Structures are given as C-alpha cells and as structure tokens.
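The listed protein sequences correspond, in order, to chains B and A. Per my numbering, residue 5 is the first one in the first sequence, and the count goes up by one each step. Per my numbering, residue 290 is the first one in the second sequence, and the count goes up by one each step. Built from N, CA and C at the ideal position, the CB exists for glycine as well. Quick caveat, the model's predicted, so the values are computed rather than measured.
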Amino acid sequence: MGSEGKRAESSAAEIVFHGVTKRYPGRSAAAVDNLSLRIPAGEICVLVGPSGGGKTTAMKMVNRLIEITEGDILMDGQSVRSLEVIELRRRIGYVIQHVGLFPHMSIADNIATVPRLLGWPKARIHARVRELLELVGLDPVHDPGRYPRQLSGGQQQRVGLARAMAADPAVMLMDEPFGALDPITRDRLQQEFLRLHAEIRKTVIFVTHDIDEAIKMGDRIAILREGGVLAQYDTPDAILANPADDFVARFVGADRSLKRLALKRLSDIELLPVPNGDGSLYPTVAGSTTLRDALSLMLEEGRRELAVVDEVGAVRGLCSVEHVAALLAPEGQQER
Amino acid sequence: MIISAAASAPPVIPNYGGPQGGTHGCIAQNGTFCWDWVKGHWGDILQPRLLEHLEMTAIAVGIGFAIAFAAALLAYRKRWFETPFGVFSAFLYTIPSLALFQLLVPFTGLTMLTIEIGLVGYTLLILFRNILAGLRGVPEDVLEAARGMGLTRRQMLFRVELPLAFPAISAGIRIAVVTTISLATVAAYITPLGLGQPIFNGLQTDFTTEFVATGALAVALAVGADSALVAAQWALTPWARARRTT
Numbered sequence: 005m006g007s008e009g010k011r012a013e014s015s016a017a018e019i020v021f022h023g024v025t026k027r028y029p030g031r032s033a034a035a036v037d038n039l040s041l042r043i044p045a046g047e048i049c050v051l052v053g054p055s056g057g058g059k060t061t062a063m064k065m066v067n068r069l070i071e072i073t074e075g076d077i078l079m080d081g082q083s084v085r086s087l088e089v090i091e092l093r094r095r096i097g098y099v100i101q102h103v104g105l106f107p108h109m110s111i112a113d114n115i116a117t118v119p120r121l122l123g124w125p126k127a128r129i130h131a132r133v134r135e136l137l138e139l140v141g142l143d144p145v146h147d148p149g150r151y152p153r154q155l156s157g158g159q160q161q162r163v164g165l166a167r168a169m170a171a172d173p174a175v176m177l178m179d180e181p182f183g184a185l186d187p188i189t190r191d192r193l194q195q196e197f198l199r200l201h202a203e204i205r206k207t208v209i210f211v212t213h214d215i216d217e218a219i220k221m222g223d224r225i226a227i228l229r230e231g232g233v234l235a236q237y238d239t240p241d242a243i244l245a246n247p248a249d250d251f252v253a254r255f256v257g258a259d260r261s262l263k264r265l266a267l268k269r270l271s272d273i274e275l276l277p278v279p280n281g282d283g284s285l286y287p288t289v290a291g292s293t294t295l296r297d298a299l300s301l302m303l304e305e306g307r308r309e310l311a312v313v314d315e316v317g318a319v320r321g322l323c324s325v326e327h328v329a330a331l332l333a334p335e336g337q338q339e340r
Numbered sequence: 290m291i292i293s294a295a296a297s298a299p300p301v302i303p304n305y306g307g308p309q310g311g312t313h314g315c316i317a318q319n320g321t322f323c324w325d326w327v328k329g330h331w332g333d334i335l336q337p338r339l340l341e342h343l344e345m346t347a348i349a350v351g352i353g354f355a356i357a358f359a360a361a362l363l364a365y366r367k368r369w370f371e372t373p374f375g376v377f378s379a380f381l382y383t384i385p386s387l388a389l390f391q392l393l394v395p396f397t398g399l400t401m402l403t404i405e406i407g408l409v410g411y412t413l414l415i416l417f418r419n420i421l422a423g424l425r426g427v428p429e430d431v432l433e434a435a436r437g438m439g440l441t442r443r444q445m446l447f448r449v450e451l452p453l454a455f456p457a458i459s460a461g462i463r464i465a466v467v468t469t470i471s472l473a474t475v476a477a478y479i480t481p482l483g484l485g486q487p488i489f490n491g492l493q494t495d496f497t498t499e500f501v502a503t504g505a506l507a508v509a510l511a512v513g514a515d516s517a518l519v520a521a522q523w524a525l526t527p528w529a530r531a532r533r534t535t
C-alpha cells in the first residue's frame with residue numbers, strides 16, 4: 005500500500021491525520037481531539053459517530069473549509085497547510101448531502117466547473133463531461149443541457165459525484181452524500197458508488213452517522229465519540245468482531261454479529277462437502293447470498309444446512325449453522 | 290369639467306397653435322383631448338420631453354444602482370454595514386419629493402443635478418434591499434459546494450452569487466425604474482425637463498390635452514420600460530423557467 009509512485013494513471017493519495025485537534029474560539033472543549041489515523045491510498049475511510057463527534061469537522065479540515073488548530077494532515081506526505089488553499093481544494097473532490105449543484109448552470113456546466121477553473125481546453129472538458137455522465141449512469145446525450153431542477157434527487161447526486169470527480173482528484177470528501185435520498189435510491193447509489201470506486205480507486209473520506217452505511221461503504225471505519233475522540237479505527241469486520249469498548253459496542257449495535265455476517269457471502273467461505281454428493285436433500289441458495297441472509301433462510305426453513313449453488317445451479321457444497329457460528333467465534337471475546 | 294368651453298374667443302390657449310400656427314377647433318375650445326395637438330407637437334414638445342425623461346430615469350437608476358450595489362456588497366460581506374445604510378436609505382425615501390428638491394436648490398441650484406440627487410436618493414432603498422436579499426438568498430449548500438471546489442471569492446461572486454441573485458436584483462431594478470419614471474415628473478418643478486414640464490404647463494394654463502397626453506405618455510413609458518425589463522430577465526434566466534420534462 006505504498007503511497008509513492010503510480011500517480012500517473014489513477015491518482016489516489018494517502019491521507020494521514022497527525023494529532024489533529026480543532027478548537028473553536030470561545031469553546032473550551034475540542035471539536036476534534038488529537039485525531040491520528042492513516043488512510044491508505046485508494047481506500048474508503050468512513051468517519052462515523054453520533055452528532056457532536058466531530059466527523060464533519062475532521063473531514064473539512066482536509067480541504068481546509070475548517071482550519072486545523074493543532075497537528076497536521078498530510079496528503080501523500082505533503083501538509084495541507086503548506087498548499088495554497090484554492091489549489092488544494094481543486095485537487096480534492098467534494099460531495100455534500102444537499103448536493104449544492106449550481107441551479108443556474110446546465111448539468112454539463114456544473115460538471116465542468118473545476119476543469120474550467122483549471123483552464124482545460126474546451127474539447128477535453130467536453131469529452132470529460134460525457135465520460136463522467138456515462139460513469140455515473142446519466143444520459144450523455146440528453147442530460148448535459150438540462151438544469152439541476154429538472155432532475156430527481158438521485159440524479160442530482162449523480163451529477164454531484166460527477167462534478168466532484170471532474171478533474172480527477174486524488175482524494176474525495178463525501179459528507180453524508182446519500183443522506184437526503186429515499187432508502188431505495190440510497191441503496192442503489194451506494195451500490196453504484198462501490199462499483200465505481202472499485203474502478204477509479206480514489207482515496208475517499210466518507211462521513212455518515214449511520215453505522216450500517218459505514219459498514220457497507222467502508223474499507224475502514226473510524227468511530228468518533230463526543231468531543232471528537234477516536235474510539236476505534238479498523239476494518240468493519242474487526243470492529244464488529246472486537247469493539248474496543250462499551251461505547252463502540254453500543255454504537256455498532258447488539259446485532260453486530262449479524263452485521264458481520266452480512267459482510268461475507270457464501271462464495272467467500274469454505275464450504276462443507278456434500279454427504280454422498282447429493283445436494284438435492286437441502287434447500288438451495290446462491291453463492292452470492294450473504295451469510296446473514298443464509299442464516300435467515302435456515303431459520304425460516306427450519307433446517308441446519310443449506311446447499312450452496314453457483315450461477316449454473318451446480319451444488320458447490322454445504323453451509324451449516326455450526327459452520328456459520330464457527331466463523332464468528334475465532335475473533336476472540338465473543339459473548340457466549 | 291370643461292369650464293372654459295363657454296369662452297368663444299379664438300385661441301383660449303394662445304401659445305398652443307397647430308403645426309401651421311393655425312387654431313384648430315378643439316384647441317380653441319380646449320376639449321378634453323385633442324389628437325391634432327398631439328400630432329402637431331410630437332416633434333417639438335412630446336418627443337424631446339420623453340427622451341429627457343428617459344435620460345433622467347436612466348441616469349438616476351444607473352447611479353442609484355452603482356451606489357446600492359456597492360453598499361449591498363459591503364453589507365453582504367460585513368453585516369454591521371446593513372443597518373446604517375438601510376436606515377440612511379429609508380430616511381431618504383421618506384422625505385417628500387418636493388421638499389427634498391426645495392432643500393437641495395440652495396446648494397445645487399435649479400439644475401438637473403438637483404433632480405438627479407433627489408431621484409438617486411429614492412432608488413437606493415429599493416435597490417439596496419433587493420440586491421442584498423438576492424445575495425443572501427443564495428442557498429448555503431450551493432455556497433459550500435462552490436467553496437469546497439476551490440472557487441475564489443471573486444469567482445464565487447461573479448459565477449455563483451450574482452447570477453443567482455439576479456432575479457431579485459432585476460425585480461428591484463424594475464420597481465426602481467417605474468417609481469423613478471413617475472417621480473421624475475415632479476422634477477419639472479425645479480427645471481423644465483422631462484414629461485413633467487408639459488404636465489405643469491397644461492395644469493397652469495388649463496389646457497387639458499397637454500397634461501392628458503403627457504400623463505398618458507409617462508404611464509406608457511413606465512409600462513414599456515417594465516415590460517422591456519421583464520423580457521430581459523426572461524431571456525437571461527433560462528434556468529429559472531426550466532421544468533422537469535421526464
């Protein structure tokens with residue numbers, strides 16, 4: 005996970021928070037307190053926590069919408085404080101909950117904002133706008149000339165994403181980007197963003213107050229508690245398996261084991277051999293099913309085993325209740 | 290109403306002869322409205338006064354806009370400035386126009402300058418309030434996105450804030466133009482300029498046609514100017530009338 009080199013093709017920068025503290029004048033308590041964490045280039049780091057946890061403040065110190073009081077944030081080893089603020093912001097994609105599209109500009113002009121500020125030639129901007137519209141699932145023929153108010157909320161946030169990615173920033177900051185959408189649209193955009201991210205591999209700092217969204221989106225999750233103190237920073241699986249303290253355990257919820265199971269699919273685990281090679285005795289389930297859904301199916305069917313099938317319907321092996329439970333166990337201090 | 294109709298003596302209004310210097314019937318009898326007089330004096334009275342009126346209005350709104358714009362920008366950046374300028378412009382607005390012109394005469398004389406100072410004063414409140422409301426009405430999320438994308442303050446102002454404030458600003462300009470057109474007729478009290486001059490003349494000489502025609506012209510000018518501004522705003526804000534199509 006070296007941060008050096010290969011900046012040419014797909015740019016992504018490592019972000020390091022180094023003892024970052026934010027204190028607002030006239031308030032004794034810190035909004036963000038001595039935050040240190042390292043986000044490897046190309047990963048999605050979700051900042052999550054209750055309100056007052058300073059997650060948005062922490063994020064906004066990266067593009068200096070909020071100035072750092074103490075400590076430093078490094079982008080590929082370079083302090084964000086050493087860069088000219090306007091230039092820094094143009095190198096960082098920024099997506100916010102209420103999108104903030106410019107209502108007086110067409111979709112194409114909205115997306116072209118940063119490339120224009122950077123003085124790209126017209127032809128390049130034009131090509132880039134089309135490319136991005138396609139990337140975010142909009143119509144590159146009819147949509148560029150439309151105005152934001154002509155789009156649905158979900159479409160607007162797609163444009164917001166495209167606009168943030170326009171100048172191929174190394175880092176993207178996303179402040180509850182799907183928070184204002186209805187659950188179905190939100191789910192679809194989350195999925196699409198993950199697919200998109202697999203393709204573009206930007207470093208993403210993603211703020212949410214929703215632990216389920218954090219688990220779904222994050223390569224890593226930083227849980228901040230009130231007062232802007234980092235409670236735990238790890239992969240979703242590790243946090244769910246070993247919450248650092250009561251606060252984290254409560255925050256991730258009593259069903260954290262089920263949440264962990266939702267992170268894994270049957271195709272990811274080692275399956276048991278089918279006795280006598282006859283899978284027809286068991287209810288079948290697709291390999292793409294999550295362990296959580298598989299468990300739910302077992303309960304529903306009143307069975308202890310399921311036969312896992314691949315895309316063509318061939319039985320791959322068995323998955324049993326004990327097998328699922330065993331996957332949860334080895335991580336250590338599980339409740340009995 | 291037509292009290293002078295009884296007078297049968299030739300030209301009741303001596304100085305208002307027809308184009309050939311003749312005395313047309315309705316002029317001689319001072320009818321309610323005499324179309325011949327309008328045709329005959331379009332070139333030497335009505336049109337020049339109309340143009341003067343337009344010029345006075347344009348200068349007043351132009352200067353008023355420049356002052357109000359600068360003040361609104363300052364108040365937008367520095368909140369403390371809003372109250373003093375707001376109070377100042379509201380104070381100007383409340384002074385009766387005739388009294389204000391009279392007050393200025395000792396300093397600036399019976400000149401166009403006196404009139405313009407007065408007229409500019411009356412535009413400030415409306416323009417200042419509307420420009421400031423327009424700027425303040427730009428949604429916070431739009432500003433945050435703009436800031437986050439690395440627009441400089443100047444770029445934010447010209448590319449985002451002013452375009453979005455434009456409908457409110459233009460509404461202010463429309464009100465200012467219409468009120469100034471109406472108010473500028475009073476200016477003829479000070480100096481014989483604009484459509485107010487023939488109106489006063491008509492009133493002083495009891496020549497009905499003259500003030501009816503000129504009054505109608507002032508109304509037409511206001512309506513025309515307002516329509517032109519509406520059309521300009523419509524053309525400049527295609528985004529504001531975009532409707533969802535799919």
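Proximity test, Cβ basis, 8 Å: M445(A) and chain B: Residue numbering aside, residue 445(A) sits at position 156 when the second sequence is read from its first letter. Taking Cβ atoms only, chain B never reaches closer than 8 Å to M445(A), which makes this a no.
Cβ shell of M5(B) (< 6 Å), same chain only, five flanking positions each side left out: Residue numbering aside, residue 5(B) sits at position 1 when the first sequence is read from its first letter. Confidence at M5(B) is low in this model, with a pLDDT of 39, below 50, so its placement is unreliable and the value that follows should be read with caution. Result list for M5(B): P44, in chain order.
Rounded C-alpha distance that separates L87(B) from K126(B): Translated into the one-based positions of the first sequence, residue 87(B) becomes position 83. Translated into the one-based positions of the first sequence, residue 126(B) becomes position 122. Rounded to the nearest angstrom, the gap between the Cα atoms of L87(B) and K126(B) is 27 Å.
Interface flag, A495(A) vs chain B, CB-CB below 8 Å: In the second sequence, counting from the first residue as 1, residue 495(A) sits at position 206. Per the sequence shown, residue 495(A) should be read as Asp rather than Ala. Not one chain B Cβ lies under 8 Å of D495(A).
Other residues of its chain near K10(B): CB distance less than 8 Å, five sequence neighbours each side excluded: The residue labelled residue 10(B) in the question sits at position 6 within the first sequence. Caution applies to K10(B), whose pLDDT of 36 falls short of 50 and renders its modelled position unreliable; the model cannot decide the point.
Three-way DSSP call (helix, strand, coil) for F496(A) in this model: For the purposes of this step, residue 496(A) is taken as the residue at position 207 of the second sequence. Looking at F496(A) - three-state DSSP - the assignment turns out to be coil, as it is neither helix nor strand.
Rounded separation between P148(B) and W523(A) - CA only: Working through the first sequence from its first residue, we reach residue 148(B) at position 144. Working through the second sequence from its first residue, we reach residue 523(A) at position 234. In a straight line, the C-alpha of P148(B) is about 21 Å away from that of W523(A).
Alpha carbon of R448(A) to alpha carbon of D179(B), nearest angstrom: As a working mapping, residue 448(A) is identified with position 159 in the second sequence. As a working mapping, residue 179(B) is identified with position 175 in the first sequence. If you take the alpha carbons of R448(A) and D179(B), they lie about 24 Å apart.
Distance CB(P119(B))-CB(I129(B)) smaller than 8 Å: Here residue 119(B) corresponds to residue number 115 of the first sequence, with the count starting at 1. Here residue 129(B) corresponds to residue number 125 of the first sequence, with the count starting at 1. Going by C-beta atoms, P119(B) is nearer than 8 Å to I129(B).
Secondary structure of H22(B), DSSP reduced to three states: Start at 1 with the first residue of the first sequence, and residue 22(B) comes out as number 18. DSSP places H22(B) in strand when its eight states are reduced to three.
Chain B residues whose Cβ lies nearer than 7 Å to that of I398(A): Locating residue 398(A) in the second sequence gives position 109, where the first residue counts as 1. The question names Ile, but residue 398(A) is Gly in the sequence shown. Per Cβ cutoff of 7 Å: no residues; G398(A) is ~46 Å from chain B at best.
Contact set between the segment 87–117 of chain B and chain A, restricted to residues whose Cβ is under 9 Å from the partner: V89, I90, E91, L92, R93, R94, R95, I96, G97, Y98, V99, I100, Q101, H102, V103, G104, L105, F106, P107, H108, M109, S110 and T117
Contact under 8 Å by Cβ, A507(A) with I404(A): By one-based count along the second sequence, residue 507(A) stands at place 218. By one-based count along the second sequence, residue 404(A) stands at place 115. Result no, Cβ atoms of A507(A) and I404(A) do not sit closer than 8 Å.
For L185(B), the three-state DSSP class (helix, strand or coil): In the first sequence, the residue the question calls residue 185(B) occupies position 181. Coil, per DSSP.
Cutoff 7 Å; reference I48(B); Cβ partners in own chain excluding five residues on either side: Numbered from 1 along the first sequence, position 44 holds the residue referred to as residue 48(B). The residues are H201, V208, F210, M221, G222 and D223.
Candidates G75(B), Y151(B) and R134(B): closest to M109(B) by CA position: Against the first sequence, residue 109(B) aligns to sequence position 105. Checked all of G75(B), Y151(B) and R134(B); the closest Cα to M109(B) is Y151(B).
Nonlocal neighbours in the same chain, by C-beta distance under 8 Å from V379(A), ignoring five residues either side: To locate residue 379(A), count along the second sequence from 1; it is residue 90. Here residue 379(A) is Ala; the residue named in the question, Val, does not match the sequence. Only L414 meet the Cβ criterion.
Rounded C-alpha distance that separates E341(A) from A514(A): Along the second sequence, one-based indexing puts residue 341(A) at 52. Along the second sequence, one-based indexing puts residue 514(A) at 225. About 15 Å.
Three or more C-beta pairs below 8 Å linking the segment 471–487 of chain A and the segment 381–394 of chain A: Touching, yes.
Cα-Cα separation between V175(B) and M63(B), rounded to whole angstroms: Numbered from its first residue, the first sequence carries residue 175(B) at position 171. Numbered from its first residue, the first sequence carries residue 63(B) at position 59. Cα to Cα, the separation comes out at about 11 Å.
Chain A within 8 Å of L142(B), Cβ atoms only: Numbered from its first residue, the first sequence carries residue 142(B) at position 138. No, L142(B) lies away from the interface with chain A (no Cβ there is under 8 Å from its Cβ).
Proximity below 8 Å, CB of A465(A) to CB of V350(A): Here residue 465(A) corresponds to residue number 176 of the second sequence, with the count starting at 1. Here residue 350(A) corresponds to residue number 61 of the second sequence, with the count starting at 1. Going by C-beta atoms, A465(A) is nearer than 8 Å to V350(A).
For D143(B), the first and last residue of its enclosing beta strand (DSSP E): Here residue 143(B) refers to the residue found at position 139 when the first sequence is read from its first residue. First-last for D143(B): undefined, no H or E at that position.
Alpha-carbon to alpha-carbon, A454(A) and V376(A): Here residue 376(A) refers to the residue found at position 87 of the second sequence. Here residue 454(A) refers to the residue found at position 165 of the second sequence. C-alpha separation (whole angstroms): 22 Å.
Residues from the segment 430–464 of chain A in contact with chain B, defined by Cβ distance under 9 Å: D430, V431, L432, E433, A434, A435, R436, G437, M438, G439, L440, T441, Q444, R448, V449, P452, L453 and F455
CA nearest to the CA of K268(B), picked from A248(B), R296(B) and V252(B): Stepping through the first sequence from its first residue, residue 268(B) is reached at position 264. Here the closest residue by C-alpha is R296(B).
C-alpha gap between S15(B) and R205(B), whole angstroms: Sequence index remark: in the first sequence, residue 15(B) carries index 11 (1-based). Sequence index remark: in the first sequence, residue 205(B) carries index 201 (1-based). About 8 Å.
Paired residues, beta bridge with Q82(B) - DSSP: Residue numbering aside, residue 82(B) sits at position 78 when the first sequence is read from its first letter. According to the DSSP secondary-structure assignment, Q82(B) is paired through a beta bridge with M79(B).
Where V319(B) falls: helix, strand or coil (DSSP): Residue numbering aside, residue 319(B) sits at position 315 when the first sequence is read from its first letter. In this structure, V319(B) counts as strand in the three-state DSSP scheme.
Strand pairing of Q236(B), partner residues [DSSP]: As a first step, residue 236(B) must be located in the first sequence, where it is residue number 232. DSSP output for Q236(B) lists I227(B) as bridge partner(s).
Proximity of G353(A) and T412(A) at Cβ, strictly below 8 Å: Along the second sequence, one-based indexing puts residue 353(A) at 64. Along the second sequence, one-based indexing puts residue 412(A) at 123. G353(A) places its beta carbon less than 8 Å from that of T412(A).
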